[in-house]
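*Asks:* Per mature numbering (1 follows the signal peptide of the UniProt record, and there is no 0): the sequence shown = residues -22 to -1, 1 to 1196.
Sharing a structure below in C-alpha cells format, with a few things to ask.
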Amino acid sequence: MRFLAGAFAALALSIGLSGCSSSKSTTTTTTPKPSGSQSNTATGAPLPKGEVGIQNGPISGLTVPKNTTKQQPIIQDVEVFYGIPFAKSPVGDLRFKAPQEYDEQWSSAKKMITKSNHCPDKYGRGNEDCLYLNVFRPANATTDSKLPVMAWIFGGGFVDGDAADSDYDGSALASQHNVIVVSMNYRLGDLGYFASPASLQQEGTTGNWGQMDQQMALKWIQRNIGAFGGDEDRVLLFGESAGAFSVVWHIAAPSSAGLFHSAVLESSTSHTDIFFQQPDDAYRYYDWVAQELVGCKDANDMDCLRKADASKFTLPKNVRFDPEKCPEWGSPIFPMMPVGPCIDGKILPDIPLNMVKKGKFNKVPTIVGTNRDEGTAFVAGLSGVVPGVPRQPDMDDVNTLLFYMLQNETAVNEALASYPVADYATTYGADSQGFELASEMIRDAIFHCPSQELAQAITDQGGDAYVYLFNMDPIFPKWVDKINTGDKPLFGFGNFTPEQMGTFHTAEIPFVFKRFEDHGVTMKDPNMYEVYMGHPPRNPGDVYHEVSDQISCMWASMAASGKPNGDGVVCPPHPDLPDWGTYLGNPSNSLGQYLHLGRDVKMDPLAQTNAYPHSEFASKDVCVLYSANLTYQQPIIQDVEIFYGIPFADPPVRDLRFRAPHEFSDTWSSPKLMDTKKSPCVNSGGKGDEDCLYLNVFRPANATANSSLPVMAWIFGGGLVNGDAADSNYDGSALASQHNVIVVTMNYRLGTFGYFASDSSMGEEGTTGNWGQMDQQMALKWIQKNIGAFGGDKDRVLLFGESAGAFSVVWHIAAPSSAGLFHSAVLESSTSHTDIFFQQPDDAYRYYDWVAQELVGCKDANDMDCLRKADASKFTLPKDVRFNASIAPEWGSPIFPMMPVGPCIDGSILLDTPLNVVKAGKHNKVPTIVGVNRDEGTGFVAALSGVMPGIPKQPTLSDVRKILFYVLQNETAIDEALGQYALDNYDDVYGEVNQGFELASEMIRDAIFHCPSRAFAKALSEQGDDAYVYLFNMNPIFPKWIQEINTGDQPMFGFGNFTPEQMGTFHSAEIPFVFKRFEERSMSLLEINMYQAYMGHPPREPGDAFHGVSDKMSCMWANMAYSGKPVGGDAVCPPNPELPDWGTYMANSSNPLGQYLHLGRSVEMMPVKKSVYYPVSEFVSSDKCDFWDAHDFVFHNLRADLESTTTTTATIRPTVIV
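Here it is as C-alpha cells:
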C-alpha cells in the first residue's frame, strides 16, 4: 500500500531527517579494484609536506597530530584541507543552474585551513557561496599511494546541514583505516531544489541542483584525488538520511555512472513520493515561493528570481498553521515539502526504486541499513506537524495522525490491523502505547520496508546488496536514561526520555566516524552523541569501540574492495568481522538476511511475522502494507516511449497571428531530443505562449515502422479558452501500453488567438474564426504524413475529445476539409448545434471589434496590422469585466466574456452548424460514439454565481427562474420549461435547500449536452451512419469518506460550497477512466484533485469496479480505432474484459426512440424513453428534448441587467473541464 509509506514519509521529512546538529539508459556495472596491501609507509616519492597540487594550483592544509591518549586514538598524523572550491559560486546568473566547474588558477600554495560557509538552510543561515569540500588524508600519503576514497553526503532533509560539521570529521577514519575521506556541501532548500518549466527549458533539467552539486564534487574527486594519494577508481559514496537518499539518487541517475564504485546507505528510503517530487507538485510549490515569498511573477520569472536576495527564499515561521499564509494546496507537511529532487524525466527519469527494478541503474556493491528505532525522533516532532497531536500521543492521536496522512478510514483500519495494538499498552503502559506504536509505524513505512525493497530490487538485477540493522539499545548510559525535561529540548528531543528514543535515527553516525568525545557535557545544551559516545568514558576495547571498529572497518572495506569484509583495508585493532553475506546469499533464508550490528554482531533471517511490539526489524507481512510495488494501481504492461513537444506548425506569431497555420518548415539531420513538455497556448488567464503548436506521441516501445498500429488522436476540452495537450490527465502511456495503440495529443490556439474573426481576416485567408480548429487539422495532416514512422497506421485514426474537444470533433465531422484525416470518432460530452458554441459571423465580428478597441487599443477588428503587432497580454480579458456595467458591452452573451469564443460559421470552412451539415448529408461519414455523463450540469451550476448577476452558489427555485429568463428571455418559454420538470419532486427527493441546485443542474444537462447529443446521434443514423450512444454513470463516484465534505466558499475538487456527493458523475468525470489514470500519489485535504480523490483513494486495485469500467471503456475506444466498432474489433484488451453487445442508436426496432449503453457499475443496453421520472433520471427523456430542441439560448442586453442589480461583484472561477 504505497500511499501509506508516502504519508508517513511526509511526516518524517517535516521534522528534519537530519543529523542532530526518458531516453533509454544503460546499466553501469563497476566493481572496485582490489588494491595491494596497504601500509602506513607510502611506497612512492613523498609529497611536499602538507602541500598538494590540484588542477587549479597547489594547496596546503593543517595537520591533526598523532595522539594515542584520546578516547579515540589518532594513530597517525592526518592532514586536513578545509574549504576547497569545486564549483563556481551559484549566485547571480548561476542561481538555479547546473553547477559550473571551478576554473580559477593560481601558482602559489593556497592555505585551505578554514571551514567554509555552509549553504543557506531553512532558517536562512549560511551563504550561497558554499560549494566547497573537505579532504582528510593520512599525512604520509603520496601520489603513488592509491588509497581508497570515502565520499560523504550529509543528511538534513535537503534543507539543513554542513559538510564541515564536527560530527563528520574524517580524521579518525583516515588515521585508523588509511583511507581518504571527502565531505561535500551542496545547495539546500529552495536554492537547491527549485523547479520550473523555464529552468527546465534553459538547463535541460530542473529541481536537482543540490544533487548536481554532489555530482560536480564527485567529478572533482575523479580529477584531483590522485594528487592527495587517492584512487579515483575506488570511491565509496556513503550518506545518512537525506544524504543516503542522495546516494540512492546517484545510483539511479545515468549521469552519475562511473563517479563512484560502491555505496553505503544509512537510514535511506528509495521511492517515497514526498522525497522524490513530481514536476507538477514542484512547479506549484515554487510558483508559491516566487509569488508569496520573493515577490516575482511566478516560478518562470527567472530574471527576477536570480536577482532577488537569498533571504527572500527563507520560509517565514509558523506559516504551516497560519491560514493567511499557507497556500490552499499546502501538503500535510508544508512548507518543508515539496523540497527535494525532482523526477524531471531527464537527469532523474523515474523514482530510484523503479530505475533499479527496470535494471536502468548504476550497479555497484551496496550496503543498505537502518536503525532499530528510526521512528522515535519523528514522533517527538509530531506537535510541529499535525495540528492537535501532542508530544506524547495517545491512541486517539494515532488515529488522528493516520487519518491526517491517509485521508481514508479503510486505510487507517488496515494499518492499525497490521499491528497488535493492545500489546503496546501491555508492554509500554497506556501512557506510552501511542508513542511506541506510531514510532514503529513510521520506522517501517519510511525506512525498514523501503530498504528491504531496494535490497530485493538490487539483488533481482544481479547486484550485491548487504543489509544491516543497527541496534545498541540501551544506547544511553543509565544515569541519563530516564531524564525528562518536559518541553525543554534534550538531546534534540523534548518531553521524552532518552530511554524512549532507543537506537534513534542518526544514532550510528558517531560509530561510523569514530567520534568518541573527550570534553565534558553541559546539561544546559547536551549533545546527544557526546552523552553516549563519551560519558562514561569509552575506552578502546569496550563494546562501543568494538562496534565502531567493526562498522568503520566494514565501510572502509567497501571502499577498498566492494565487500564489507574484503581485503585491502587497514583495520587496527583487527576487529573480528562477521561473515556478512548478501541479502539473498543464504538459500535457507528465502526471505532475506541481514547483519545485526550492536552488542551482538550476527547474521539474522528476515521473518515473515515478528513479535511486535518487540520487533527489531520490520516483518515481511508488515512490509507488504507499505510496498511500493511496481504493479501500480494501473499497471504499465510494456515499455512506452514518449515524444513530447513535436512541432507540427510554424509558431503563429506576428504576421502569422490570426491566419491559417503553416506547416512546420524547419528541418534537421541529427536526432533531436523530444522529451520536454512544451508551453500550452495562451489561455483565458493570459498564461501560456503563442509559440505552442506542438503535439505529443505515446507509443509501445517495441513498435516499428512495419507495426501499423491504430492511432488515437485526442483533443482536450476547456471551453476553447483553456487546456494543455501535455496535461498529465491526458497522459497516453497506459492506453498505449494496455491496448498496443499510438496516442497523439495536440495543442491548438485558444480564446481570441484561436477564434478571432473579422471581414479583413476573411478577405486575407478565405476563412475566419476557426484558427484553433485549423490547427487541429494541421496536426491531423501531420499524423497522415508522419505517424507511420512511429509504427502507426494513417488509415486507422480515431479522433476523440471531451467537451470543447468533443465540440471540435463534431466540427471535423462537419468540415469538408477534414475529410480523410480520421476514420472513426468518439464524442465525450459534446454538443452539436448550440449557438453559443458555434458563432454566427455578425456576433463574432461584433465581439472582436470590442476586443480590438477596448482591450488592445486598435481601430477595430479589421485593423490587422495593429492587432498582429500588439503584445499577446493585451488580449487577456480583465478580471470582473462581466460585472462591470461601464465595461461590459450591451450585447454581452449569457456567458460573456467566456463567449462568444468558438468556431465561426463562416460559410467557407464551416458551412453551417454541424447538426445541420449532418442533416443535409454533407458531412464526413465515420462510425461515431456519442456519449454523455449522468450529471453534466452540476459543475456549471456550481459556477453560476460567477456567470449570472444575482445568482447565489446554492440557487433557490426563484433563482432558477432568473437563470431561465437570463438565457431564454421569454416568460412563456420559462413557464413551458418549468412545466417540463416535476418541481415538487425535487423538494421531496433533495430537500428545500438543494432543490434549486438539482433542478438547474438537470435543465443545463438536458439543454446543452443530453439533447444535442441525442439529436446528433439521430441525425447520423438517419444518414445511414453507425452511431453508438452511451451514458456514463458511476454514482456514487466519490468514496464514502469524502462524499459529504463541504468547505463552504473554499474551492474543493475545483468546486466550492458543494459536497462531492452533490456533484455526482459530473462533466469530465469519465476522462481518467478513458486514459486509465489511476493515481499513485497522496493528496492534500486543502486542495484535493477531484480525479485523484476517486481514482486513487482508497486504492483502486486491478480487478475492482473502477478498473472494470476503465478496462471496458478504454478497450471499446481502442476497438473504434482498430476497426470502427466498439465491440468485436481487433483491439488488444488485457485483462480481456467482458464487453457488452453494444448496438447502434437505432438498431433495435423495439426501441423506436433509440437505445444507449449504460456505462458504470452496471453495463447494459437501455432504451430512450418518452418520459422518465425526474429528478432522478439518468438519461434525458424524449419529451424534454422536444422542448429544448425548439428553444435556443439567445443573446441579450447584459448591461441592463447589471445596471438594475445590486448583486456584489463576483470573481469568475474555472471549475471543471468544459
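Beta carbons: idealized from backbone N, C-alpha and C, even for Gly.
1) Which stretch, first to last residue, makes up the alpha helix (DSSP H) that contains N911?
2) Restricting to Cα atoms, I'd like to know which of K75, S736, G318 is closest to N840.
3) Let me know the secondary structure DSSP gives H239 once reduced to three states.
4) Given the structure, does I436 come close to the ligand GDP, in the sense that its CB is under 7 Å from one of the ligand's heavy atoms?
5) Quick one: complete alpha helix (DSSP H) runs, 4+ long, within the region 936 to 975?
6) Hey, how far is the Cα of F853 from the Cα of Q1133?
7) Determine the extent of the alpha helix (DSSP H) in which D1164 is found, giving its start and end residues.
8) By DSSP's criteria, A627 is part of a beta bridge. Which residues make up the other side?
9) Thinking C-beta only, is V525 closer than 8 Å to F491?
10) Under a Cβ-count criterion, where at least 16 other Cβ atoms within 10 Å of its own Cβ denotes burial, should A767 be classed as buried or exposed?
11) In whole angstroms, what separates the C-alpha of S807 from that of T730?
12) Between the C-alpha atoms of V879 and F64, what's the straight-line distance to the nearest angstrom?
13) Is A485 close to chain B? Criterion is C-beta to C-beta, closer than 8 Å.
14) Which of helix, strand or coil does DSSP assign to I982?
15) For M90, which three-state DSSP category applies?
16) Taking a contact to mean a Cβ-Cβ separation below 8 Å, would you say R912 touches F987 in this structure?
17) For F448 and H592, what's the separation of their Cα atoms in angstroms?
18) Excluding the five sequence neighbours on either side, which residues of its own chain have a C-beta within less than 8 Å of the C-beta of S17, listed in chain order?
19) Roughly how many angstroms lie between the CA atoms of F172 and I941, to the nearest whole one?
20) Sort C320, N278, L758, F734 by Cα distance to Y826 and report the nearest one.
21) If you follow the beta strand (DSSP E) that E418 is in, where does it begin and where does it stop?
22) Among N902, A141, Y1123, whose alpha-carbon lies nearest the alpha-carbon of G61?
23) Does the distance from the C-beta atom of I345 to that of Y406 stay below 8 Å?
24) Below 8 Å on the Cβ atoms is my contact criterion, and I expect R635 with R846 to pass it. Report the Cβ-Cβ distance as a whole number of Å.
25) Evaluate the contact criterion for the region 1046 to 1058 versus the region 1076 to 1091: three or more CB pairs, one atom per stretch, below 8 Å.
26) In chain order, what residues of the same chain have a beta carbon less than 7 Å from the beta carbon of D191, not counting five sequence neighbours either side?
27) For the alpha helix (DSSP H) that contains P515, what are its first and last residues?
28) Report the three-state DSSP secondary structure of S38 (helix, strand or coil).
29) If you check the beta carbons only, do I720 and Y672 fall under 8 Å apart?
30) Please list the segments of the beta strand (DSSP E) lying wholly inside the region 1082 to 1150, counting only runs of 3 or more residues, in order along the chain.
31) Ignore the nearest five residues each way along the sequence and tell me which others in V967's own chain have a CB closer than 7 Å to its CB.
32) Using CA atoms only, rank isn't needed, just tell me which of P126, R115, K324 is closest to S233.
33) Output yes or no for whether 8 Å exceeds the beta carbon distance between R824 and E914.
34) Return helix, strand or coil for W692, following the three-state DSSP convention.
35) Kindly give me the distance between the Cβ atoms of D557 and V689, rounded to whole angstroms, as I take these residues to be in contact under 8 Å.
36) Take F785 as the anchor and find which of W760, L922, Q751 has the nearest alpha-carbon.
*Replies:* Considering the structure as presented:
1) Counting from one through the sequence shown, the residue named residue 911 turns up at place 933. Not the alpha helix (DSSP H): N911 falls in the beta strand (DSSP E), residues 906 to 911.
2) Mapped onto the sequence shown, residue 840 falls at position 862. Taking only the C-alpha atoms, the option nearest N840 is S736.
3) Along the sequence shown, read from residue 1 onward, the residue named residue 239 stands at position 261. Here H239 sits in coil by DSSP.
4) Of ligands this structure carries none, so the ligand GDP is not represented either.
5) 949 to 957, 961 to 968
6) By 1-based counting over the sequence shown, the position of residue 853 is 875. By 1-based counting over the sequence shown, the position of residue 1133 is 1155. C-alpha separation (whole angstroms): 45 Å.
7) Mapped onto the sequence shown, residue 1164 falls at position 1186. Here the alpha helix (DSSP H) through D1164 covers 1160 to 1167.
8) Looking up residue 627 in the sequence shown gives position 649. Partner(s): E641.
9) Numbered from 1 along the sequence shown, position 513 holds the residue referred to as residue 491. Numbered from 1 along the sequence shown, position 547 holds the residue referred to as residue 525. No, the pair does not count as a contact, with Cβ atoms beyond the cut-off.
10) Within the sequence shown, residue 767 is the residue found at index 789, counting from 1. Flag for A767 reads exposed.
11) The residue labelled residue 807 in the question sits at position 829 within the sequence shown. The residue labelled residue 730 in the question sits at position 752 within the sequence shown. Taking the straight line from one Cα to the other gives about 23 Å.
12) Numbered from 1 along the sequence shown, position 901 holds the residue referred to as residue 879. Numbered from 1 along the sequence shown, position 86 holds the residue referred to as residue 64. Looking at the two C-alpha atoms, the distance is approximately 56 Å.
13) No chain B appears in this structure, which consists of one protein chain only.
14) The count along the sequence shown starts at 1 and reaches residue 982 at position 1004. Three-state DSSP puts I982 in a helix.
15) Residue 90 sits at position 112 when you count from the first residue of the sequence shown. Of the three classes helix, strand and coil, the one that applies to M90 here is coil, per DSSP.
16) What you label residue 912 is simply residue 934 of the sequence shown in a count that begins at 1. What you label residue 987 is simply residue 1009 of the sequence shown in a count that begins at 1. Not in contact: R912 and F987 (Cβ atoms no closer than 8 Å).
17) The residue labelled residue 448 in the question sits at position 470 within the sequence shown. The residue labelled residue 592 in the question sits at position 614 within the sequence shown. One C-alpha to the other measures close to 15 Å.
18) Indexing the sequence shown from 1 puts residue 17 at position 39. Only weak support is given to the placement of S17: the predicted model assigns it a pLDDT of 33, under 50, and the value that follows is read from those uncertain coordinates. Closer than 8 Å at Cβ, skipping near neighbours: N156, V548.
19) To locate residue 172, count along the sequence shown from 1; it is residue 194. To locate residue 941, count along the sequence shown from 1; it is residue 963. Distance between the alpha carbons of F172 and I941: 46 Å.
20) Stepping through the sequence shown from its first residue, residue 826 is reached at position 848. Comparing Cα positions, the closest option is F734.
21) Position 440 of the sequence shown holds residue 418. Careful: E418 lies outside any beta strand (DSSP E), inside the alpha helix (DSSP H) at 408 to 420.
22) Within the sequence shown, residue 61 is the residue found at index 83, counting from 1. With distances taken between Cα atoms, G61 lies closest to A141.
23) If you number the sequence shown from 1, residue 345 lands on position 367. If you number the sequence shown from 1, residue 406 lands on position 428. No; because the gap between Cβ atoms is not below 8 Å, this pair is not in contact.
24) To locate residue 635, count along the sequence shown from 1; it is residue 657. To locate residue 846, count along the sequence shown from 1; it is residue 868. Yes, they are in contact, since the Cβ atoms of R635 and R846 sit about 5 Å apart, within 8 Å.
25) yes
26) As a working note, residue 191 is residue 213 in the sequence shown. A65, P77, L109, Y164, R165, listed in sequence order.
27) Translated into positions along the sequence shown, residue 515 becomes position 537. Run containing P515: none; DSSP gives neither H nor E here.
28) Here residue 38 refers to the residue found at position 60 of the sequence shown. Looking at S38 - three-state DSSP - the assignment turns out to be strand.
29) Translated into the one-based positions of the sequence shown, residue 720 becomes position 742. Translated into the one-based positions of the sequence shown, residue 672 becomes position 694. Contact flag unset, no.
30) 1133 to 1138, 1142 to 1145
31) As a working mapping, residue 967 is identified with position 989 in the sequence shown. So the qualifying residues of the chain are P1153, V1154.
32) Indexing the sequence shown from 1 puts residue 233 at position 255. Considering only alpha carbons, the answer is K324.
33) Taking the sequence shown and counting its residues from 1, the one referred to as residue 824 is at position 846. Taking the sequence shown and counting its residues from 1, the one referred to as residue 914 is at position 936. It is not a contact, given that the beta carbons lie outside the stated cut-off.
34) In the sequence shown, counting from the first residue as 1, residue 692 sits at position 714. Correct three-state label for W692: strand.
35) Locating residue 557 in the sequence shown gives position 579, where the first residue counts as 1. Locating residue 689 in the sequence shown gives position 711, where the first residue counts as 1. In fact, because the Cβ distance is near 59 Å, the residues do not count as touching under 8 Å.
36) Within the sequence shown, residue 785 is the residue found at index 807, counting from 1. That would be Q751, whose Cα lies nearest to the Cα of F785.
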